[in-house]
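Chemist: Below is a structure I'd like to ask you about.
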Amino acid sequence: MKLKIEDVDNLCTGASFLGAGGGGDPYIGGLMVKQALADGARIDIVDPDIIDDDSLIIPTAMMGAPTVLLEKIPSGEEAIRALRAVETQLGRTADATMPTEVGGINSTIPLFVAAKLGIPVVDADGQGRAFPELQMETFAINGIKGTPLGISDEKGDVATVLTGDNHRMEKIARGITIRFGGTAYFANYPMSGADVKRTAVKHTLSLARSIGEIILMSRQRKMDPFEELETFLPTTSYSVARRIFEGKVVDVDRKTEGGFTLGNVTIRQHDRRSDCIISFQNENLVARSGEAVLAIVPDIIAVLDAETALPITNETLRYGQRVIVMAVGVPEVMRTPDALQQFGPSAFGLPDVFVPLS
Amino acid sequence: MKVGVDVGGTNTDAVIIGESGVISWKKTPTTEDVYSGIVTAISDAIEAGDVDIGKIDCVMIGTTQFTNAVIERRALLPVGIVRLALPAASAIPPLTDWPVDLVEVIGSNVHQVGGGYEFDGQEIAPLDELAVAEAGRSMRRSGIETAAVTSVFAPINRAMEDRAAEILRNEVPDIRISLSSDLGQFGLLPRENSTIINASLSALASRVVDAFKRALRNLGLDVPLFISQNDGTLMRADAVERYPVLTFASGPTNSMRGAVHLAGITDAMVVDIGGTTSDIGMLRNGFPRQSTHFVDVGGVKTNFRMPDILAVGLGGGSLVRDGGDRVGPDSVGYQLTKRAVCFGGDTITATDIAVAGGWADVGDASLVKSISRDIIARARERMREILDVNVERMKTEAGDLPLLVVGGGSILVDWPVRSVSNVVRPDYSSVANAVGAAIAQVSGECERVLSITETNRNSILDDARDEARQNAIDAGALPESIEIIEVEQIPISYLPGNPTRLRVKAVGDLPV
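For the protein sequence lines, the chains are H and D, in the order given.
By the numbering used here, the letter at position 211 of the first sequence is numbered 211, and the numbering carries on one by one without gaps.
By the numbering used here, the letter at position 167 of the second sequence is numbered 525, and the numbering carries on one by one without gaps.
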């Protein structure tokens with residue numbers, strides 16, 4: 001599939017939806033991709049099922065503070081240098097790149113890299129949504145080594161991280177990001193085409209594009225975007241999508257701790273009969289109503305504008321918004337016991353047991 | 359006494375306000391030269407109120423001239439654009455995502471040079487002074503008269519922008535320069551966009567301010583002149599010559615502020631009902647709540663502050679259909695006085711419902727007798743529902759607030775609104791806009807990124823308050839009248855040391 005300029009807004013909107021309240025606003029990344037396409041670049045998104053088993057795929061992404069990104073926009077060379085650093089370690093060039101995280105801004109970085117390098121992007125990722133840390137990947141769960149990791153900034157600084165432990169990789173890269181000025185661009189989890197087929201969450205870029213198209217086009221087509229999403233998502237590997245709550249935001253409680261934005265948002269039903277409280281750590285973790293758990297990580301909890309169905313990130317949540325909360329069951333590959341250990345409720349310090357959305 | 363003037367696209371309103379409130383007012387059509395419309399409106403208002411001209415202390419003008427110029431691509435200058443950011447930010451050059459026709463006007467004199475800051479104030483790279491000088495020479499060669507300079511994280515440190523301006527002036531001595539650090543907040547692209555538009559408006563700004571000053575001279579008014587900015591406060595006329603972009607969208611702010619003054623209420627929901635739409639906003643401490651989103655002007659995302667306003671399709675000219683179950687969003691608009699039934703037309707409008715229902719008195723009530731009780735009741739219920747739901751949507755606080763109804767279409771409302779405690783329709787609400795200009799205060803702001811801890815929190819807040827206060831004094835406020843009206847703290851995630859974006863705003867009265 002060749003990515004067109006008209007696809008970019010759809011893809012970014014769908015990526016925000018899959019960001020589950022976090023993931024960073026894809027606005028800057030979307031502009032970079034549009035600019036590259038306007039300059040005549042070509043971006044091919046390829047189906048993971050048809051890539052060569054022995055091809056080399058090197059995923060690319062950004063990490064750090066979304067707020068810094070809005071001010072310090074990248075040069076565009078950062079992620080490419082990071083990818084080159086991994087190639088140097090492996091002594092081999094990449095045949096394609098791929099997102100590590102489809103939710104939020106990181107859906108767009110590999111598209112830009114692909115445009116600049118003239119290589120395709122694999123239609124898959126390692127999170128199927130957004131998560132805050134680099135070890136929270138289906139790649140890691142299925143035995144792919146996170147390193148060599150290449151990481152770079154706009155000044156041309158490059159670091160290569162080699163470690164056998166993906167948690168250490170996260171910790172070291174996070175420290176480097178601070179020294180790079182709050183944002184950094186990286187390449188990690190280099191793998192073969194066969195490994196992509198075995199470990200990735202597949203077809204997530206085209207999924208993001210379709211979700212965005214439903215959200216942005218439904219009104220024009222006189223359709224209800226919420227119904228459309230509930231009908232469409234079960235036709236993908238995301239088993240189920242359901243509106244779990246509707247109401248008005250009556251409280252947003254936010255604080256920063258250990259570099260993360262933690263907090264709770266309270267949504268009240270219009271007849272005031274019940275409340276839904278969503279707890280988040282950058283991304284939404286759990287939605288509760290009274291004692292009942294309505295949905296819990298790794299399933300996706302998306303807060304959507306009740307009128308437009310546009311996703312609302314936790315940074316832009318505020319009192320008075322009328323919202324519909326939609327939960328989406330993630331693919332089986334993200335619900336295995338190993339996966340839950342990496343990014344299930346306990347990985348975020350929640351006492352609850354994972355109950356899949358049904 | 360103060361004179362407030364609103365120069366709109368259609369009408370120029372003038373209102374004279376004394377200690378006890380509105381003395382007199384006048385509405386006249388806006389003229390092509392702006393100037394004569396202002397002269398007519400003010401002199402007619404002076405005459406109507408039998409006002410002693412020597413007792414007038416100052417004149418405040420609100421205008422949509424600059425917004426309209428951008429929307430209509432009129433009177434804009436080509437701009438020399440300098441971004442201090444390399445090696446960062448080159449993935450998205452200036453003017454990316456701008457409408458093509460506007461880029462054609464603004465031109466292609468674009469320079470990305472070395473410089474800019476990190477979030478903690480360190481340099482991304484030293485300022486590339488040679489490249490800035492070369493940019494200046496290129497502007498001189500191309501006959502460029504105005505430049506826009508934007509540095510990464512300029513709101514934290516403006517030194518590089520100031521130095522770049524100095525270098526440009528060396529190369530092109532009479533160039534007008536707009537700096538992004540004067541235009542506020544974080545977000546490189548929207549701030550840069552505002553700076554470029556500001557630069558592009560600089561010639562028009564001189565002409566418009568000159569026309570305002572001439573109007574005052576012609577009237578024999580030798581008093582200070584202030585112009586409204588979008589946050590509801592005033593700037594001196596000479597500041598508008600440098601920062602015309604700050605006047606964008608001052609209209610909605612002025613009408614909301616005018617409503618506050620006329621009703622004597624500082625915390626309320628406001629609806630300004632026009633011919634086609636109703637603008638709904640919220641007032642806290644007498645000021646409109648600001649939007650958190652990028653505001654689009656003529657297709658460009660800017661960073662300027664604007665009230666958070668929801669426009670809904672309910673106005674005096676809204677079409678009434680389906681036996682009253684459908685009201686708006688289409689409207690007969692400016693043709694109301696031709697097409698509405700109460701004015702002898704054949705289209706049932708929201709105004710006709712109000713007249714037929716007996717709670718408004720415009721046009722000829724005998725013409726609307728054919729409208730059935732049932733249609734009136736249904737349409738009235740539908741209008742009420744529209745306001746109910748949308749006022750509730752714009753309310754960001756629990757608890758009851760009153761609803762202030764202003765604007766020409768305020769006659770539509772005679773019914774209670776469920777989402778508010780009571781409905782207030784103040785006198786003179788059709789010139790709320792000019793009243794808002796007349797009663798405005800001046801403001802000062804301070805915005806920073808800081809590491810806030812339990813121990814340093816108080817001293818940091820004190821510093822920020824002092825800086826905002828000083829900025830308000832510099833803008834002309836009486837020191838003893840200054841109040842801090844806003845303190846906003848937003849944590850920045852994924853960074854150590856709890857860095858927080860802090861914004862403080864102070865307002866004060868002008869000496870009269």
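Glycine included, each C-beta is placed from N, C-alpha and C at the ideal position.
If you follow the alpha helix (DSSP H) that Ser558 (chain D) is part of, which residue opens it and which one closes it?
Modeler: Ser558 (chain D) -> alpha helix (DSSP H) spans 546-558.
Chemist: Roughly how many angstroms separate the alpha carbons of Val685 (chain D) and Ala399 (chain D), rounded to a whole number?
Modeler: 35 Å
Chemist: With Val363 (chain H) and Gln127 (chain H) assumed to form a contact (beta carbons below 8 Å), what rounded beta-carbon distance in angstroms separates them?
Modeler: Because chain H spans 1 through 358 in this model, residue 363 (chain H) falls outside it and cannot be assessed.
Chemist: What number of angstroms, rounded off, separates the C-alpha of Asp153 (chain H) from the C-alpha of Ser613 (chain D)?
Modeler: Taking the straight line from one Cα to the other gives about 48 Å.
Chemist: When you compare only the Cα positions, how much space is there between Ala306 (chain H) and Asp224 (chain H)?
Modeler: 11 Å
Chemist: Where does Ala124 (chain H) fall in DSSP's three states?
Modeler: strand
Chemist: Using a 10 Å radius around the Cβ and a threshold of 16 neighbouring Cβ atoms, would you call Pro531 (chain D) buried or exposed?
Modeler: Exposed.
Chemist: Do three or more CB pairs link the stretch 694-711 of chain D to the stretch 636-653 of chain D at distances below 8 Å?
Modeler: no
Chemist: Starting from the C-beta of Pro74 (chain H), find all residues in its chain whose C-beta is less than 7 Å away, skip the five residues before and the five after it, and write them out in chain order.
Modeler: Glu154, Tyr185
Chemist: Would Ala595 (chain D) pass as a contact of Val567 (chain D) if the rule is Cβ separation under 7 Å?
Modeler: yes
Chemist: Between which two residues does the beta strand (DSSP E) harbouring Thr138 (chain H) extend?
Modeler: No beta strand (DSSP E) holds Thr138 (chain H); the alpha helix (DSSP H) holding it covers 138-141.
Chemist: Starting from the beta carbon of Gln341 (chain H), find every residue of chain D whose beta carbon is closer than 8 Å, and list them in chain order.
Modeler: Simply none; closest approach about 24 Å.
Chemist: In the structure shown, what three-state DSSP assignment does Val196 (chain H) receive?
Modeler: helix
Chemist: Roughly how many whole angstroms lie between the Cα atoms of Ala792 (chain D) and Ser586 (chain D)?
Modeler: Spanning the two alpha carbons is a distance of roughly 10 Å.
Chemist: With a cut-off of 7 Å, does the C-beta of Glu71 (chain H) fall near any C-beta of chain D?
Modeler: yes
Chemist: Classify His203 (chain H) as helix, strand or coil using the three-state DSSP reduction.
Modeler: coil
Chemist: Should Ser809 (chain D) go down as buried or exposed, given a rule of 16 or more other Cβ atoms within 10 Å for buried?
Modeler: exposed
Chemist: In the DSSP assignment, the alpha helix (DSSP H) including Ser543 (chain D) goes from what residue to what residue?
Modeler: With the sequence shown as reference, residue 543 (chain D) is identified as Gln, and Ser is not the correct amino acid for it. Gln543 (chain D) -> no alpha helix (DSSP H), and no H or E assigned at all.
Chemist: Measure how close the beta-carbons of Ser724 (chain D) and Ile631 (chain D) come, nearest whole angstrom, since I'm counting them as under 8 Å.
Modeler: So it is not a contact: roughly 25 Å between Cβ atoms.
Chemist: For Glu133 (chain H), would you say it is in contact with chain D, using Cβ-to-Cβ distances shorter than 7 Å as the test?
Modeler: Residue-level contact by beta carbon fails for Glu133 (chain H) and chain D, as no gap is shorter than 7 Å.
Chemist: Please report the Cβ distance between Pro602 (chain D) and Ala563 (chain D), rounded to the nearest whole angstrom; I am assuming they are in contact, meaning their Cβ atoms lie under 8 Å.
Modeler: Confirmed, Cβ separation roughly 4 Å.
Chemist: Could one say the Cβ of Leu546 (chain D) lies closer than 7 Å to chain H's Cβ atoms, at least one of them?
Modeler: So, interface residue.
Chemist: Any Cβ of chain H within less than 7 Å of the Cβ of Val603 (chain D)?
Modeler: no
Chemist: The alpha helix (DSSP H) that contains Gly118 (chain H), what's its start and end?
Modeler: Counting along the chain, Gly118 (chain H) falls outside any alpha helix (DSSP H), and DSSP gives it neither H nor E.
Chemist: To be precise: take each residue of the stretch 616-635 of chain D, compare its Cβ to all Cβ atoms of chain H, and keep it if any distance is under 9 Å. Which residues remain?
Modeler: none
Chemist: Could you pull the start and end residues of the alpha helix (DSSP H) that Cys804 (chain D) belongs to?
Modeler: No alpha helix (DSSP H) holds Cys804 (chain D); the beta strand (DSSP E) holding it covers 800-809.
Chemist: Do you know offhand how far Val510 (chain D)'s Cα is from Gly474 (chain D)'s?
Modeler: 5 Å
Chemist: For Gln135 (chain H), which three-state DSSP category applies?
Modeler: coil
Chemist: Taking the alpha carbon of Asn166 (chain H) as the point to measure from, which residue in H:Thr147, H:Asp157, H:Arg179 has its own alpha carbon closest?
Modeler: Per the Cα distances, H:Thr147.
Chemist: Drop a sphere of 10 angstroms on the beta-carbon of Ser730 (chain D), count the other beta-carbons inside from all chains shown, and report buried for 16 or more, exposed for fewer.
Modeler: exposed
Chemist: Report the rounded CA-to-CA distance for Met418 (chain D) versus Gly362 (chain D), giving the unit in angstroms.
Modeler: Each residue's alpha carbon lies about 5 Å from the other.
Chemist: Just grab the DSSP bridge partners of Gly438 (chain D) for me.
Modeler: D:Ala505
Chemist: Quick one: Cα of Asp402 (chain D) to Cα of Thr388 (chain D), how far?
Modeler: Here the alpha carbons of Thr388 (chain D) and Asp402 (chain D) stand approximately 14 Å from one another.
Chemist: Would you please state the rounded distance, in angstroms, between the beta carbons of Gly263 (chain H) and Val249 (chain H)? I believe it to be under 8 Å.
Modeler: Contact flag wrong, Cβ pair sits at about 12 Å.
Chemist: Excluding sequence positions up to five away, which residues of its chain have a Cβ less than 6 Å from the Cβ of Ala41 (chain H)?
Modeler: For Ala41 (chain H), the CB contacts under 6 Å within the same chain, skipping 5 residues up- and downstream, are Ala115 in chain order.
Chemist: Using CA coordinates, which residue listed in D:Ile482, D:Thr508, D:Pro548 is at the minimum distance from Val490 (chain D)?
Modeler: D:Thr508
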